[in-house]
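Peer 1: Right, I'll just put the structure down here and ask away after.
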Amino acid sequence: MSAAAPHAPGTPARWHRLDRRTLLVHCGWMAAPLGSFALTALATGGRIETGAWITLAAIAGSFAVLTVIGLVRWARTDYRVTHDSFEVRSGVLTRRLRSVPLHRIRTVDLTASPLHRLLGVTVLRAGTAGSSGGGAELSLEALTTADAERLRAALLARADAAAAAEDPVISRINWRWLRYAPLTFWVIGGVFAAAGGVYRALDGAGIKPWKLSIVRSAFDEFGAGALWITIPLALLAVLVLGTVGALVLYVEGWWNFRLEWTDAHTLRVRRGLLTTRSVTIERGRLRGAVLREPLLLRAGGGATVRAVAGGLGNKEENRKRSVILPPAPRTEAVRTASGTLRAAFPDAGLHAHPKAALRRRRTRGLLLVTLPGTLVLAFLGLLLTPVLLHCAWAFALVSAVVVLWLARDAYRSLGHGIQGRYLVARSGTFSRDTVALQREAIAAWTFSTTPFSRRTGLVTLTAAVAAGEDGYHVRDLAADGAPALAAAAAPGILEEFLDHGGHSGHGERARHVPAYGQEDSGPGRHRKPLSTHALHRNRDDLDMT
Amino acid sequence: MSAPATPLLRPPRNRVDPRARRWWTVQALLTVSGPALLTALALAVCSVLFFPGALPWLGPLLLVALVLPALGYLLVMPRWRYAVHAWELGGRAVYAANGWFWQKRRIAPLSRVQTVDTVRGPLQQRFGLATVTVTTASTAGDVKIAGLSDADAEELSRRIGEAAQAVPGDAA
Numbered sequence: 287m288s289a290a291a292p293h294a295p296g297t298p299a300r301w302h303r304l305d306r307r308t309l310l311v312h313c314g315w316m317a318a319p320l321g322s323f324a325l326t327a328l329a330t331g332g333r334i335e336t337g338a339w340i341t342l343a344a345i346a347g348s349f350a351v352l353t354v355i356g357l358v359r360w361a362r363t364d365y366r367v368t369h370d371s372f373e374v375r376s377g378v379l380t381r382r383l384r385s386v387p388l389h390r391i392r393t394v395d396l397t398a399s400p401l402h403r404l405l406g407v408t409v410l411r412a413g414t415a416g417s418s419g420g421g422a423e424l425s426l427e428a429l430t431t432a433d434a435e436r437l438r439a440a441l442l443a444r445a446d447a448a449a450a451a452e453d454p455v456i457s458r459i460n461w462r463w464l465r466y467a468p469l470t471f472w473v474i475g476g477v478f479a480a481a482g483g484v485y486r487a488l489d490g491a492g493i494k495p496w497k498l499s500i501v502r503s504a505f506d507e508f509g510a511g512a513l514w515i516t517i518p519l520a521l522l523a524v525l526v527l528g529t530v531g532a533l534v535l536y537v538e539g540w541w542n543f544r545l546e547w548t549d550a551h552t553l554r555v556r557r558g559l560l561t562t563r564s565v566t567i568e569r570g571r572l573r574g575a576v577l578r579e580p581l582l583l584r585a586g587g588g589a590t591v592r593a594v595a596g597g598l599g600n601k602e603e604n605r606k607r608s609v610i611l612p613p614a615p616r617t618e619a620v621r622t623a624s625g626t627l628r629a630a631f632p633d634a635g636l637h638a639h640p641k642a643a644l645r646r647r648r649t650r651g652l653l654l655v656t657l658p659g660t661l662v663l664a665f666l667g668l669l670l671t672p673v674l675l676h677c678a679w680a681f682a683l684v685s686a687v688v689v690l691w692l693a694r695d696a697y698r699s700l701g702h703g704i705q706g707r708y709l710v711a712r713s714g715t716f717s718r719d720t721v722a723l724q725r726e727a728i729a730a731w732t733f734s735t736t737p738f739s740r741r742t743g744l745v746t747l748t749a750a751v752a753a754g755e756d757g758y759h760v761r762d763l764a765a766d767g768a769p770a771l772a773a774a775a776a777p778g779i780l781e782e783f784l785d786h787g788g789h790s791g792h793g794e795r796a797r798h799v800p801a802y803g804q805e806d807s808g809p810g811r812h813r814k815p816l817s818t819h820a821l822h823r824n825r826d827d828l829d830m831t
Numbered sequence: 406m407s408a409p410a411t412p413l414l415r416p417p418r419n420r421v422d423p424r425a426r427r428w429w430t431v432q433a434l435l436t437v438s439g440p441a442l443l444t445a446l447a448l449a450v451c452s453v454l455f456f457p458g459a460l461p462w463l464g465p466l467l468l469v470a471l472v473l474p475a476l477g478y479l480l481v482m483p484r485w486r487y488a489v490h491a492w493e494l495g496g497r498a499v500y501a502a503n504g505w506f507w508q509k510r511r512i513a514p515l516s517r518v519q520t521v522d523t524v525r526g527p528l529q530q531r532f533g534l535a536t537v538t539v540t541t542a543s544t545a546g547d548v549k550i551a552g553l554s555d556a557d558a559e560e561l562s563r564r565i566g567e568a569a570q571a572v573p574g575d576a577a
């Protein structure tokens with residue numbers, strides 16, 4: 287079956303059924319008891335007790351019931367996309383028709399559990415603005431992945447981006463986002479941080495943790511056990527602890543989260559369970575938004591959003607208070623950023639940076655990670671034990687592969703562009719940040735170079751704004767394109783210092799960058815008593831304008 | 406922008422005072438090179454007095470790790486800096502280049518100027534130099550011009566002040 291495209295008005299749209307594999311998905315939860323039964327059978331060598339047979343019968347019974355229920359539900363659920371709405375009909379005894387106007391649909395979320403993926407189907411949820419938490423959401427249990435993609439496109443084609451910007455409530459917590467909580471630093475780092483905290487607290491109280499008998503016996507047992515099993519177990523424990531910690535922190539931090547325009551000029555974030563936080567941002571001080579995708583979160587298809595706003599306190603405070611969306615699906619993040627900017631968040635169509643930027647990232651990684659690590663290991667290996675020599679070449683190999691992969695990813699992340707009222711810049715691999723900065727908010731430009739970047743024709747352009755982190759970088763641009771970008775993005779700052787004779791090419795760049803070490807470089811530079819002479823000249827400039 | 410060809414950012418027109426080179430040299434001597442050289446000397450003397458056997462390997466190590474970098478910094482940095490540092494006051498913006506290895510060129514429009522500070526450190530006073538810092542609302546937009554002569558600094562800060570007054574401001 288095929289997903290519906292929006293229909294032309296007049297002709298009634300056809301109803302579509304869910305995929306047959308929905309039934310299998312419904313039976314999915316039977317896997318665990320059946321599996322354990324099979325294991326029991328294996329373990330007992332086929333001699334199965336009466337109790338087990340009764341269990342099996344019960345399982346078979348519920349299996350049958352579930353299948354029937356699933357069959358009926360499958361048979362009684364259908365959906366269609368008419369020219370102006372998305373409708374889902376369901377219910378066995380009570381028939382329910384739910385219809386959502388297409389222009390109200392803000393998100394279409396496709397999720398597939400491992401079981402779904404195995405069967406090649408996916409769950410589609412269509413949410414409307416500000417209601418993503420609860421009832422006003424339509425979900426379809428199982429569609430083939432292709433159908434789901436088509437339906438999503440059909441639904442979102444009509445979703446009105448401008449309307450998204452008009453809606454006062456931009457985003458609310460959706461507890462399905464909890465799945466992104468473990469994809470943060472807290473999974474591993476948090477456990478060690480907590481352990482460190484406990485240690486320090488004990489130490490502060492004058493207790494030496496390693497002298498406690500519990501700790502000692504635990505360590506003895508750990509050492510006595512088979513290391514190949516205790517070490518993975520310990521890692522697993524850390525992982526589980528970290529995940530639990532991350533979930534707890536997520537719930538605590540984002541309970542009742544709500545991001546909304548309380549009036550035309552005030553953006554408000556409210557969140558928190560034990561500590562409730564409320565941050566209001568005046569529209570006039572809101573200068574842009576950052577879409578942050580840390581490596582792990584990005585791998586899971588998630589992102590968070592920060593506001594670029596003035597008056598949120600010092601750097602530390604700003605870092606805490608500017609977060610306006612917890613780790614959430616990327617589509618939601620883009621939508622939230624759009625609602626915050628009241629314009630579509632410019633997420634695509636960025637210009638790539640020169641290949642030299644890729645080489646630079648590779649070199650930097652190899653020089654700063656692979657080389658020193660290998661040298662240290664090799665040196666120690668020569669001094670102490672030959673095992674370390676093997677570690678050295680293994681490290682060289684593995685770290686080189688990782689570094690090259692990260693460098694490629696970092697290079698692919700690079701991008702910039704001017705889109706509407708915004709300057710957009712993207713960079714980073716450990717945290718890929720896409721920043722959209724209001725062009726009229728740019729207060730100064732900085733061009734930064736190093737000898738290496740000058741040789742390869744790269745420059746990092748920094749836009750200063752009186753908001754957020756103050757300086758936002760467009761990293762490793764082509765040096766001959768940077769001034770034009772700066773002039774186009776924020777006119778009226780640097781035009782008078784531009785040399786318009788340029789034809790591009792190396793000769794020009796050589797003139798553009800003064801020859802270092804030479805005393806007289808660059809045309810028209812006044813050595814020596816610059817003073818009044820130079821100043822008067824400048825005053826003439828001033829008068830002329 | 407109006408130019409058809411790719412426009413390029415030219416360096417600022419005015420160099421800083423030549424005396425700045427001496428100031429930077431002394432600064433390098435006091436902060437980096439001097440301490441490094443003294444450390445090397447102290448270690449070498451200690452080695453000669455107490456562990457003469459260590460000298461054959463300690464000597465080259467000190468030379469490579471401390472003496473050469475210190476001398477290199479002392480000799481290269483001030484010249485390089487002097488070649489880079491420059492400034493210019495335009496009709497609508499103030500423009501400065503600074504740094505040596507890592508170089509920065511920063512342009513801030515006069516309409517965003519909040520304050521103009523002239524600072525003379527104890528060392529700078531000896532050489533008759535001053536640093537003019539033009540602050541904007543963003544810390545990433547502060548323009549610093551180091552190594553101006555006193556007279557230039559005074560004149561410059563006065564003129565930036567005047568120009569900032571003349572240009573309609575939106576220094577928010």
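Sequence order for the protein chains is U and P. Just so you know, the first sequence maps onto residues 287 to 831 in this note's numbering. Just so you know, the second sequence maps onto residues 406 to 577 in this note's numbering. Glycine included, every Cβ here is placed at the ideal spot set by N, Cα and C. Predicted model only: the values in this text are computed from it and were never measured.
With a threshold of 7 Å between beta carbons, is Trp462 (chain P) in contact with chain U?
Peer 2: So, not an interface residue.
Peer 1: Could you tell me whether the Cβ atoms of His302 (chain U) and Tyr365 (chain U) are closer together than 7 Å?
Peer 2: It is a contact, given that the beta carbons lie within the stated cut-off.
Peer 1: Return the Cβ separation of Leu410 (chain U) and Leu396 (chain U) in integer angstroms, given the expectation that the two are a contact with Cβ distance under 8 Å.
Peer 2: Confirmed, Cβ separation roughly 6 Å.
Peer 1: Using a beta-carbon distance below 7 Å, is Gly706 (chain U) in contact with chain P?
Peer 2: Chain P, which has no Cβ nearer than 7 Å to the Cβ of Gly706 (chain U), makes this no.
Peer 1: Any beta carbon of chain P sitting closer than 7 Å to that of Ala575 (chain U)?
Peer 2: Ala575 (chain U) does not count as touching chain P.
Peer 1: Less than 7 Å between the C-beta atoms of Ser376 (chain U) and Ser385 (chain U), yes or no?
Peer 2: No; because the gap between Cβ atoms is not below 7 Å, this pair is not in contact.
Peer 1: Between the C-alpha atoms of Ser624 (chain U) and Phe631 (chain U), what's the straight-line distance to the nearest angstrom?
Peer 2: Those two C-alpha atoms are separated by around 5 Å.
Peer 1: Decide if Ala317 (chain U) is buried, meaning its Cβ has at least 16 other Cβ atoms within 10 Å, or exposed.
Peer 2: That one is exposed.
Peer 1: Quick one, which of U:Thr736, U:Glu755, U:Ser322, U:Thr735 has its alpha-carbon nearest Asp719 (chain U)'s?
Peer 2: Ranking U:Thr736, U:Glu755, U:Ser322, U:Thr735 by Cα distance to Asp719 (chain U) puts U:Glu755 first.
Peer 1: Taking only runs of the beta strand (DSSP E) that begin and end inside the segment 553-637 of chain U, which ones reach a length of at least 3 residues, in chain order?
Peer 2: Runs of the beta strand (DSSP E) inside the segment 553-637 of chain U: 563-568, 572-580, 588-595, 609-615.
Peer 1: Is the beta carbon of Trp463 (chain U) less than 7 Å from the beta carbon of Ala664 (chain U)?
Peer 2: Against a cut-off of 7 Å, the Cβ pair of Ala664 (chain U) and Trp463 (chain U) comes out as no contact.
Peer 1: Cβ of Ser699 (chain U) within 7 Å of Cβ of Ser717 (chain U)?
Peer 2: It is not a contact, given that the beta carbons lie outside the stated cut-off.
Peer 1: Could you work out which residue in U:Leu388, U:Thr430, U:Ala752 is closest to Leu442 (chain U) when comparing CA atoms only?
Peer 2: Of the listed residues, the one whose Cα sits closest to Leu442 (chain U) is U:Leu388.
Peer 1: Leu494 (chain P) to Leu653 (chain U), Cα distance in whole Å?
Peer 2: Spanning the two alpha carbons is a distance of roughly 40 Å.
Peer 1: Have a look at the DSSP bridge pairing and note the partners of Thr397 (chain U).
Peer 2: U:Val409.
Peer 1: Flag Phe783 (chain U) as yes if its beta-carbon sits less than 7 Å from any beta-carbon of chain P, otherwise no.
Peer 2: Cβ-Cβ to chain P under 7 Å: yes for Phe783 (chain U).
Peer 1: State yes or no: is the C-beta of Thr536 (chain P) within less than 7 Å of the C-beta of Val524 (chain P)?
Peer 2: Going by C-beta atoms, Thr536 (chain P) is nearer than 7 Å to Val524 (chain P).
Peer 1: Assign Trp679 (chain U) to one of two classes, buried (16 or more other C-beta atoms within 10 Å of its C-beta) or exposed (fewer than that).
Peer 2: Exposed.
Peer 1: Taking the alpha carbon of Pro423 (chain P) as the point to measure from, which residue in P:Ala542, P:Glu559, P:Asp555 has its own alpha carbon closest?
Peer 2: Considering only alpha carbons, the answer is P:Asp555.
Peer 1: What is the C-beta distance between Leu429 (chain U) and Val407 (chain U), in whole angstroms, given that I count them as a contact (C-beta under 8 Å)?
Peer 2: Correct: roughly 6 Å between the Cβ atoms.
Peer 1: Could you name the residues that DSSP lists as bridge partners for Thr523 (chain P)?
Peer 2: Answer by DSSP bridge pairing, in chain order: P:Val537.
Peer 1: So within the segment 701-775 of chain U, which uninterrupted beta strand (DSSP E) runs reach at least 3 residues, ignoring any that extend past its ends?
Peer 2: Whole beta strand (DSSP E) segments, 3+ residues: 701-705, 708-713, 717-724, 730-735, 744-750, 757-764.
Peer 1: Residues of chain U with a CB under 7 Å from the CB of Ala542 (chain P): which are they?
Peer 2: What Ala542 (chain P) touches in chain U: Ala729, Ala752.
Peer 1: List the DSSP bridge partners of His402 (chain U).
Peer 2: Note: His402 (chain U) sits in no beta bridge, so no partner.
Peer 1: At 8 Å on the CB atoms, spell out the chain U contacts of Trp507 (chain P), in chain order.
Peer 2: Under the 8 Å cutoff, chain U gives Ser734, Thr735, Thr736.
Peer 1: For Ala730 (chain U) versus Ala753 (chain U), is the C-beta spacing smaller than 7 Å?
Peer 2: In this structure, Ala753 (chain U) does not lie closer than 7 Å to Ala730 (chain U) by Cβ.
Peer 1: Give the straight-line distance between the Cα atoms of Val453 (chain P) and Thr444 (chain P), rounded to the nearest whole angstrom.
Peer 2: Spanning the two alpha carbons is a distance of roughly 14 Å.
Peer 1: Going by DSSP, what residue range makes up the alpha helix (DSSP H) through Thr430 (chain U)?
Peer 2: Taken as a continuous stretch (DSSP letters only), Thr430 (chain U) belongs to no alpha helix (DSSP H), being part of the beta strand (DSSP E) at 423-430.
Peer 1: Out of P:Arg511, P:Ala571, P:Trp485, which has the shortest C-alpha to C-alpha gap to Asp547 (chain P)?
Peer 2: Selected option, being the one with the closest Cα: P:Arg511.
Peer 1: Does the beta carbon of Ala770 (chain U) fall short of 6 Å from some heavy atom of the ligand HEM?
Peer 2: The ligand HEM is not part of the structure shown, which contains no ligands of any sort.
Peer 1: Relative to chain U, which residues along the segment 412-439 of chain P have a C-beta separation below 9 Å, given in chain order?
Peer 2: Those residues of the segment 412-439 of chain P that come within reach of chain U (Cβ to Cβ, closer than 9 Å) are Pro412, Leu413, Leu414, Arg415, Pro416, Pro417, Arg418, Asn419, Arg420, Val421, Asp422, Pro423.
Peer 1: Which of helix, strand or coil does DSSP assign to Val367 (chain U)?
Peer 2: Strand at Val367 (chain U).
Peer 1: To the nearest angstrom, report how far apart Val489 (chain P) and Thr430 (chain P) are at their CA atoms.
Peer 2: Looking at the two C-alpha atoms, the distance is approximately 15 Å.
Peer 1: Using a Cβ-Cβ distance cut-off of 7 Å, determine whether Ala593 (chain U) contacts chain P.
Peer 2: It does not; no Cβ of chain P falls within 7 Å.
Peer 1: Counting only C-beta atoms, is Ile779 (chain U) closer than 7 Å to chain P at any point?
Peer 2: Judged by the 7 Å Cβ criterion, Ile779 (chain U) is in contact with chain P.
Peer 1: By how many angstroms is the C-alpha of Arg362 (chain U) removed from the C-alpha of Leu304 (chain U)?
Peer 2: Leu304 (chain U) and Arg362 (chain U): Cα-Cα distance of roughly 10 Å.
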